[in-house]
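Residue numbers (my numbering), protein chains in the order written: chain Z, 28 to 766; chain W, 14 to 227.
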């Protein structure tokens, strides 16, 4: 009797409840009341559930009873959950799912910047774009010159952005600044950047309104992020008439660490014998460089990286003297540069990340300019007029920079985050100009905080503050930065940026006056952007106001002012023309300033009113051939003869004009093949294919009667090279060994 | 008397467990069968949802997570709007992470991981530069791990090699060779249970015909 009863009770529990079914019905929509199809509706920890139909409807029954949780999920939406009581009677639900915040659908805070890299996010540029831009010859800053906001200043390697000087753009590697990003060069001849684009996985070029995490750049920031561990060990070599190089990267068996070394030798001598140059090179540019790196994965989320580079470059050339036709100026340069960067990143807790960096760099310049006669013999100074004799000079300079920096990044709910950090720079510059020796020590301290707040999926705000202290000039400044972004539709958004930027005056003026405040620029930027996977359109309007610029007229003061305003357009399309990828940019710039020796407010000689770029790329898959074309155009730039009156000691305008427009058509071919076991790329490139005349400006003789154009060393530049790499892909080995 | 009671209880428990297991197997079979008849990305999403619900109820089983990820990986190939590729792949990766916790060093999971990476390359060809070597690494490790040659790992490998330019260590001939090995492996492949992964044979055979008929 008893067991039967017990069994019955148990059986009742086991099956009896199944007799009761609760019917659950409802509709799932998004916040705009559109039905969501394919959402998953379920009872927690149970099989029961179903998917919504095309009208967002769902209906199913469950045999569960009591309190349970009904949950609904759909990709791209925040999961919805609700506690329900299953009683056997039908229940109806009207559920609204909110869009989940993710980097793909949310508004972008940094819409103003051009970003290359980051394989996941939709970016305007890819890392490979830097290498395959025809005019750039794999030089990072040269590739940036195809983006809006930059000027075609052919006589300099620096980036002149939105009416700013070249030194107003600063480069950062893993957070720390690079004091000497370019190789040493002769006056008015552009050199190249020191760093290979292959060192970096991410590049962000901000033409204004950049983050409070960075400072000491009035105009623009080029932020580079170095690569982490390589996928495998590899060796590579580069061979060209002007260079040879070799590189080795070793990845440890446990994939936790890697080290690498490389060496390169560049000598343009042979090339200059084949392609005549305007200056008379008695020492063609020659570079010996080497670098070492190691990267260690210190934990699942930690990474320690070191990169160190040494380079020495030497060159010597002669140009006719502008004042005395029978004489020449003989310029020689010997530059040595050490750059080191140690960076560490780690996730301290689930939400908190640390980025720390240390950097030391040293730049040694040994420069000599000598007035020589027709036989290249030095001319005794006492036989020369003072203004010609003054051209004899020597510079012996050593610049040291030590930096330390730490940033904490705390992730808030959703995509929001707060970053806080501090940095410290110590610089020691020792220079000897002729007989005059000077030493300048400076300390720079900064603390900064920045919050990215996603108010909704459509609206995001960034607020940042940077406090800076420059010890040498006893300047303390607060630089606020802010931006607001609003998403108009899929991939379409509008953003407004504001920021105050400080930079200490250039060292050559600080030598004479250490009571100057920091120079200041205020940025106001409005951006409209439509970013798709294969098409991008961007329009920017900007206004930049300069204050406290260094002035030399009539005395060294710091009340220089200026402004820059303009409009910039960028259009990239990878889809309309089959197999073609192209981008077009246009920049309009209206800028004037009154600084240095300017007699009044005027447009500086590095600013062109209209600048345009067309970059076209095509990869021929069957031929393994990539073909790149690039056309750069800029209207003429102003040039001036500003003359110092010996009696009044005032600068005045003696002559002025505008250069001819700048045209440059470049092309490059990359052919990918296999030579032996090496993956190989053959590169051929040519700058100024049309042989257009390019004039960068004019220089004037002392008396103003003679002016000569500043021209590139040669109208055209050709490059041919072979790049080999071994071991980048071991697929075949694995197959052969294991199958 | 007590004995009888205990026996009855034990029998009942065994029965319930069995019933539960039978329910799991039958639900899995039902949905695996459904996978064979999908016609659209939406069908695949629905199938993935179904598997995910099973995964939520059966917290010790890797297969529901695996199949949900597989359905989403397929969806990533089906969708026309490339914007939907990454979200589907992200979800598939999350599900595979669950599966991997429950079943470590599983070559089937490796094959699927590689398939998801390949799907992501649809969005942007230049991703191949970083994702290609990653996928290839996963497959190489899987090949080393399973001497008996998993046909799905080989199928993924074959496709990757086939579409990799010879200069990068790939090529059509090399791809065909591996695909042949995959088809052979399919012929001798016996899944551990009725519901273990056993897909792709028809596709592999069809692909081999397509590749060798040109």
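Each residue gets a CB set at the ideal place from its N, CA and C atoms; glycine is no exception.
Buried or exposed by the 16-neighbour rule on C-beta atoms within 10 Å, applied to residue i
{"i": "residue 576/Z", "result": "buried"}
{"i": "residue 154/Z", "result": "buried"}
{"i": "residue 413/Z", "result": "exposed"}
{"i": "residue 524/Z", "result": "buried"}
{"i": "residue 119/Z", "result": "exposed"}
{"i": "residue 216/W", "result": "exposed"}
{"i": "residue 221/Z", "result": "buried"}
{"i": "residue 146/Z", "result": "Caution is warranted here: a pLDDT of 49 is assigned to residue 146/Z, below 50, making its placement in the model unreliable, and no coordinate value can be reported."}
{"i": "residue 203/W", "result": "exposed"}
{"i": "residue 279/Z", "result": "exposed"}
{"i": "residue 59/Z", "result": "exposed"}
{"i": "residue 208/W", "result": "buried"}
Proximity below 7 Å, CB of residue i to CB of residue j
{"i": "residue 284/Z", "j": "residue 323/Z", "result": "yes"}
{"i": "residue 562/Z", "j": "residue 608/Z", "result": "no"}
{"i": "residue 116/Z", "j": "residue 69/Z", "result": "no"}
{"i": "residue 91/Z", "j": "residue 384/Z", "result": "no"}
{"i": "residue 729/Z", "j": "residue 350/Z", "result": "yes"}
{"i": "residue 101/Z", "j": "residue 63/Z", "result": "yes"}
{"i": "residue 373/Z", "j": "residue 231/Z", "result": "no"}
{"i": "residue 618/Z", "j": "residue 635/Z", "result": "no"}
{"i": "residue 529/Z", "j": "residue 508/Z", "result": "no"}
{"i": "residue 399/Z", "j": "residue 355/Z", "result": "yes"}
{"i": "residue 71/Z", "j": "residue 111/Z", "result": "no"}
{"i": "residue 513/Z", "j": "residue 497/Z", "result": "no"}
{"i": "residue 242/Z", "j": "residue 477/Z", "result": "no"}
{"i": "residue 198/W", "j": "residue 167/W", "result": "yes"}
{"i": "residue 690/Z", "j": "residue 660/Z", "result": "yes"}
{"i": "residue 467/Z", "j": "residue 479/Z", "result": "no"}
{"i": "residue 678/Z", "j": "residue 624/Z", "result": "yes"}
{"i": "residue 340/Z", "j": "residue 210/Z", "result": "yes"}
{"i": "residue 247/Z", "j": "residue 234/Z", "result": "yes"}
Residue-level contact to chain Z via CB, residue i, 7 Å cutoff
{"i": "residue 39/W", "result": "no"}
{"i": "residue 195/W", "result": "no"}
{"i": "residue 164/W", "result": "no"}
{"i": "residue 230/W", "result": "Nothing about residue 230/W can be reported from this structure: the residues present for chain W run from 14 to 227 only."}
{"i": "residue 70/W", "result": "yes"}
{"i": "residue 100/W", "result": "yes"}
{"i": "residue 104/W", "result": "yes"}
Helix, strand or coil at residue i according to DSSP, with G and I counted as helix
{"i": "residue 66/W", "result": "helix"}
{"i": "residue 455/Z", "result": "strand"}
{"i": "residue 610/Z", "result": "strand"}
{"i": "residue 138/W", "result": "helix"}
{"i": "residue 597/Z", "result": "strand"}
{"i": "residue 644/Z", "result": "strand"}
{"i": "residue 657/Z", "result": "strand"}
{"i": "residue 11/Z", "result": "Given a span of 28 to 766 for chain Z in the structure shown, any question on residue 11/Z remains unanswerable."}
{"i": "residue 143/W", "result": "helix"}
{"i": "residue 102/Z", "result": "coil"}
{"i": "residue 677/Z", "result": "coil"}
{"i": "residue 414/Z", "result": "helix"}
{"i": "residue 149/W", "result": "helix"}
{"i": "residue 45/W", "result": "helix"}
Identity of the residues DSSP links to residue i by a beta bridge
{"i": "residue 314/Z", "result": "293/Z, 340/Z"}
{"i": "residue 365/Z", "result": "337/Z, 389/Z"}
{"i": "residue 102/W", "result": "None, per the DSSP bridge assignment."}
{"i": "residue 482/Z", "result": "Residue 482/Z is not bridged to any residue."}
{"i": "residue 736/Z", "result": "725/Z"}
Proximity test, Cβ basis, 7 Å: residue i and chain W
{"i": "residue 103/Z", "result": "yes"}
{"i": "residue 233/Z", "result": "no"}
{"i": "residue 677/Z", "result": "no"}
{"i": "residue 649/Z", "result": "no"}
{"i": "residue 292/Z", "result": "no"}
{"i": "residue 469/Z", "result": "no"}
{"i": "residue 605/Z", "result": "no"}
{"i": "residue 142/Z", "result": "no"}
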